[in-house]
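Sequential numbering from 409 applies to the sequence shown in the numbering used here.
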Amino acid sequence: MEITFSPWRLDYIKSDKKEEGCIFCKAMEGAPSFDNLVVLKAPNSALILNRFPYNNGHLLAVPKSHKDSLYALSSEERNELNQLLCYAEKAIRLIYQPNGINIGMNLGEAAGAGIVDHIHYHILPRWRGDTNFVTITGNLRVIPESLEDTYKKFRDFFEKDPPSF
C-alpha cells in the first residue's frame, strides 16, 4: 500500500487565521475573474481554482448553496454539480493531458476538509511520478505553472467550448 503525506495541510487545518465569512460564497458574488479565481459559473455552482493547488490545473467544483453535505442540496443542484464535474474532467483532459484525474470530496474536518461548512469537490490532474521526496522531506510543493496561467488556460477553454446548463 502506498501512503501519501501532506504535512502542509495540517498547518492550514490547525490555523486560526480563517477569513471572515465563506470564501466560496464570496467568490460566487461576482462574475468570473482572476481575483475570485472563478473560471466558470453555472446557475447553481461554479468551478474555482484552488488558491493552494496540489498540482497544475487543480479545480474546485462548488455549489452556490452554503451546505455541509451532499444530501442537503436539491436534486437540481446535485445534477448541475455532477454536470460541472464532467465538464471539468473534459477541460483538464484536453488542456493538461494528464495520465489520470482524482475527483473527491472531504466531508468534515476529520475527513480532511479545510472548509467544512461549504462542500466542494477537488478535481486534480495527475501524472506518473508527480510526487517526489521534496514534498515530504522539504515540506515543499513545486507547481511549475502560475495561477494566472492556469486561470487563462481554463477561461480560454470555456470561452471556446462553453457548457450548456
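Virtual Cβ for every residue (Gly too), placed ideally from N, Cα, C.
- Here serine 453 is bridged, per DSSP, to Pro471.
- DSSP lists Ile456 as the beta-bridge partner residues of valine 446.
- The beta carbon of proline 461 sits closer than 7 Å to the beta carbons of Ile551 from its chain, once the five residues preceding and following it are set aside; these are given in chain order.
- Put simply, the backbone Cα of phenylalanine 442 is about 21 Å away from that of glutamate 497.
- Assignment of asparagine 487 by DSSP, reduced to helix, strand and coil, places it in the helix class.
- For leucine 532, the enclosing beta strand (DSSP E) covers residues 529–534.
- Excluding five sequence positions before and after arginine 459, the CB atoms of its chain that fall closer than 8 Å to its own CB belong to Leu445, Leu555, given in chain order.
- Straight-line measurement puts the Cα of isoleucine 531 at about 7 Å from the Cα of glycine 512.
- In this structure, the beta-carbon distance from leucine 448 to tyrosine 479 does not fall below 9 Å.
- Here asparagine 510 is bridged, per DSSP, to Leu532.
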